[in-house]
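Chemist:
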Amino acid sequence: EVYFKNLSKQKQKEVMEKNGNNHKLRVCVATCNRADYSKLAPIMFGIKAEPQFFELDVVVLGSHLIDDYGNTYRMIEQDDFDIHTRLHTIVRGEDEAAMVESVGLALVKLPDVLNRLKPDIMIVHGDRFDALALATSAALMNIRILHIEGGEVSGTIDDSIRHAITKLAHYHVCCTRSAEQHLIAMCEDHDRILLAGCPSYDKLLSAKNKDYMSIISMWLGEDVKTRDYIVALQHPVTTDIKHSIKMFELTLDALISFNKRTLVLFPNVDAGSKEMVRVMRKKGIEHHPNFRAVKHVPFDQFIQLVAHAGCMIGNSSCGVREVGAFGTPVINLGTRQTGRETGENVLHVRDADTQDKILHALQLQFGKQYPCSKIYGDGNAVPRILKFLKSIDLKEPLQKKFCFPPVKDNISQDIDHILETQSALAVDLGGTNLRVAIVSMKGEIVKKYTQLNPKTYEDRLALILKMCVEAASEAVNVNCRILGVGISTGGRVNPREGIVLHSTKLIQEWSSVDLRTPVSDALHLPVWVDNDGNCAALAERKFGHGKGIENFVTLITGTGIGGGIVHQHELIHGSSFCAAELGHIVVSLDGPECLCGSQGCIEAYASGIALQREAKKLHDDDLLLVEGMSMKEEEIVSAAHLIQAAKLGNTKAESILRTAGTALGLGVVNILHTVNPSLVILSGVLANHYVNAVKDVISRQALSSVKTVDVVVSNLADPALLGAASLVLDYTTRRIY
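Residue numbers 1 to 737, in the UniProt record's numbering, belong to the letters of the sequence shown in order.
(1) Taking only the alpha-carbon atoms, compute the straight-line gap between SER373 and GLY324 and give it to the nearest angstrom.
(2) With a threshold of 16 other CB atoms inside 10 Å of the CB of MET631, please say whether the residue is buried or exposed.
(3) In whole angstroms, what separates the C-alpha of ASP130 from that of TYR201?
(4) Quick one: grab the DSSP three-state call for PHE54.
(5) For GLU477, tell me which candidate among ASP718, VAL446, LEU501 and LYS442 has the shortest Cα-Cα distance.
(6) Taking 8 Å as the threshold (C-beta atoms), are SER317 and SER488 in contact?
(7) Between ALA537 and ALA724, what straight-line distance do the alpha-carbon atoms span, to the nearest angstrom?
(8) Can you tell me whether ASP159 is helix, strand or coil according to DSSP?
(9) Quick one: give me the first and last residue of the alpha helix (DSSP H) that PHE366 is part of.
(10) Taking all protein chains shown into account, do 16 or more other C-beta atoms lie within 10 angstroms of the C-beta of SER520, making it buried, or fewer, making it exposed?
(11) Can you list, in chain order, the residues of its chain whose CB lies under 7 Å from that of MET141, leaving out five sequence neighbours each side?
(12) Quickly, what does DSSP pair ASP710 with across the bridge? List them, please.
(13) Would you tell me roughly how many angstroms separate the C-alpha atoms of THR554 and ILE438, rounded to the nearest one?
(14) Apply the 10 Å Cβ neighbour rule to CYS578 and answer buried if 16 or more other Cβ atoms are within range, or exposed otherwise.
(15) My guess is that ASN551 and HIS573 are in contact by the Cβ rule of under 8 Å, so how many angstroms apart are they, rounded?
(16) Kindly list the residues whose CB is nearer than 6 Å to the CB of VAL144, restricted to its own chain and excluding five residues on each side of it in sequence; keep chain order.
(17) Would the beta-carbon of ASN345 fall within 8 Å of that of THR328?
(18) For residue 778 versus SER423, is the C-beta spacing smaller than 8 Å?
(19) Please report how far the alpha carbon of LEU105 lies from the alpha carbon of LEU132, in whole angstroms.
(20) In whole angstroms, what is the alpha-carbon distance linking ASP378 and LYS282?
(21) Can you look up ILE636 in the DSSP assignment and give me helix, strand or coil?
(22) Which residues does DSSP list as the beta-bridge partners of TYR449?
(23) Tell me the residue span of the alpha helix (DSSP H) that contains TYR73.
(24) Would you say the stretch 643-650 touches the stretch 591-606, given that touching needs at least three Cβ pairs under 8 Å?
(25) Tell me, to the nearest whole angstrom, how far the beta carbon of VAL527 is from that of SER511; I am working on the premise that it is less than 8 Å.
(26) Check each candidate in LEU134, THR662, LEU250 and CYS596 and name the one with the smallest Cα separation from ASP353.
(27) Where LEU386 and GLY46 are concerned, what is the direct C-alpha to C-alpha distance, given to the nearest angstrom?
(28) How would you label ASP270, buried or exposed, when you count the other beta carbons within 10 angstroms and need 16 or more for buried?
(29) In chain order, which continuous runs of the beta strand (DSSP E) of length 3 or greater are located wholly inside the stretch 199-234?
(30) Using a Cβ-Cβ cut-off of 6 Å (strictly less than) and excluding sequence neighbours within five positions of HIS584, which residues of its own chain qualify?
(31) If contact is defined by three or more beta carbon pairs under 8 Å, each pair taking one atom from either stretch, is the stretch 215-231 in contact with the stretch 303-310?
(32) Cβ of ASN268 within 8 Å of Cβ of ASN453?
(33) Check the Cβ-Cβ distances between SER160 and every residue of chain B, and say whether any is below 8 Å.
(34) If you pair each beta-carbon of the stretch 716-731 with each one of the stretch 694-705, do three or more pairs fall below 8 Å?
(35) Would you say the stretch 554-564 touches the stretch 674-693, given that touching needs at least three Cβ pairs under 8 Å?
(36) Confirm, please, whether the CB-CB distance from VAL124 to ALA135 is below 8 Å.
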């Protein structure tokens, strides 16, 4: 970690020396509309905060300067940025010809501004026609261009404009791994691509807990409650204006019928927007008691409105990108965002050609709450972008180089060319310890944190959240991108809802506990929860002996006895999530009492607790210690002492271990006769002591058709953590779970 930090500092020092020790990078940020400013503002704040490295010039153009679209340049002034130049570049008309004329007008006006500013680099965002004019002007005037959000795929003419800007740009900041791969496929130089995430997420992920009721009351009325209103934002589709206007009309009809308070934002300046405004006025939306129609909402307030809405509807990229950070339900209408990566909170209505379809979508989505999604960012984009800017060597040739096929390996690099690894945050709730780890896609535990598991629910949950937040923050420093959180815990778990239904006696106050919601809310990440035995099986399936095996069983031999069953490559949970409670298979009708309340369970014979119980009995009768053994007075008798005594020839200890191994073996035979796996994996601290006994019982007791089963000891050091990680990694890499 220290090495990487020093490497970064050394590289920045070398770049500063190349560029001239006293030369600050002069950065021009040009913003065209309310949407791109929400992405550029966090970068602008970051640049402004480091005057020793940067000089910032702000150019405002496009719909920012039009009254009908809210005169949104004022929010830039309110953010205390000095606007160097205002350029009126929009030709009114809101049709295709007006868009072309607006590009031409911008191309006429921009050269004079750029000649005066003489920036080292211009930052251009997105896929708007105004941005194309900016990129064209800068490229022809030999000004380096940093393009934000290149490589993404959506619908309409925006795709063509976005990719055209990509070809003009010298450096690229993308938000998702797919976008990065698209840029590589477009022959862009991999060394000039930064996978940073969306800058707006730096603000989004810290916004939800702020005061929001006053904002909701201000925009929608004092009688409106959270999750009981709708935000609607719909723009024209420039490649099919007539259909998009009809779809907007149907949307308004559906919203009127749905009869919920709705905040409607005016569309953008694209061709067709004037007709959409006419539709709003024709239907009386501005005066309807259930509607509030506005030209603009400041981004800070807009965040709060969508974060606490019952639903968002329309075709804005905000719906499929930013809103996922809050898990708010979204209805995406039509084809304007076709191809965008989306979270599970988005319901697509591609062919929104009837009011009934849209109304049905509202009925399905309104009021739901989904896991927070981090597809487009993890809240650390701006530091990565600033680091990237500092690394730019102005003495390098300006002419772009294209990397034509064959391309480099599709790996993600940060500015130091260090792999930023796709990883999971894994949590293991044991009877004694609480462990959190950052686990890479290859199963490497990058960093691990361990604390004693608190005895009360409140203390335990608080510690989980604290450790997870610390680990997620540390992930940035060790170049890991956290995709989600996986939690392994003892007891019976409903993995669909992320709820611990009831736990073992080893973990107190741990029944009917919703783990998914508080962890997801705190980290803004998707969260998966499962039983520790199931997690061990998943770990074997992804990283261990079970990899590629269709049917296998994992048995954990530790403090208790647990396990998981994989059948036809899928984990079996059972109808009430009680499948694979293998430790409670009864092997004797009158055996010792188990913690579950029954008698003769495998766990009552072969678990660490059972062995400790028998060891204590021997010790109380002075039958445990043999020559070569010693114990301190305050030392607690454990299963380890029993095993040591057996190794040193204590016949009674040997007999107890033999009985335990036989009980476990009989349980395995029952499993073989029930699910007929091709492999049995013994995991946990006692596995090596039991493996031969289990094989022996199988050879004597099992049917001949299952005697050939392989019985092996797990080679995984931390199956619970690796299994918790695989909950995340299998799902986020599109494996079925």
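All C-beta atoms, glycine included, are put in the ideal place defined by N, C-alpha and C.
Modeler: Well, looking at it:
(1) Each residue's Cα considered, the two are about 5 Å apart.
(2) exposed
(3) If I take the Cα positions, the gap works out to 23 Å.
(4) strand
(5) Residue identity differs from the one stated: residue 477 is Asn in this sequence, not Glu. Among ASP718, VAL446, LEU501 and LYS442, the Cα nearest to that of ASN477 is on VAL446.
(6) no
(7) When the Cα atoms are used, ALA537 and ALA724 turn out to be separated by approximately 10 Å.
(8) For ASP159, the secondary structure class from DSSP, reduced to helix, strand or coil, is helix.
(9) Unbroken run through PHE366: none, as it is neither H nor E.
(10) buried
(11) PRO111 and LEU114
(12) ASP710 is bridged to LEU679.
(13) 24 Å
(14) exposed
(15) No, ASN551 and HIS573 are not in contact; Cβ-Cβ is about 16 Å, not under 8 Å.
(16) According to the sequence as given, residue 144 is Arg; it is not Val. Taken in chain order, the residues that qualify are ILE121 and HIS170.
(17) yes
(18) Shown here, the chain extends from 1 to 737; a query on residue 778 therefore has no answer.
(19) 12 Å
(20) The C-alpha of ASP378 lies about 42 Å from the C-alpha of LYS282.
(21) coil
(22) VAL436
(23) 73-78
(24) The stretch 643-650 vs the stretch 591-606: no contact.
(25) With a Cβ gap of about 19 Å, VAL527 and SER511 do not count as contacting.
(26) LEU250
(27) 7 Å
(28) buried
(29) 229-233
(30) CYS596 and CYS601
(31) yes
(32) Their beta carbons are not under 8 Å apart, which means ASN268 does not touch ASN453 by this criterion.
(33) Looking at the structure shown, chain B is missing, and only one protein chain is on hand.
(34) no
(35) yes
(36) yes
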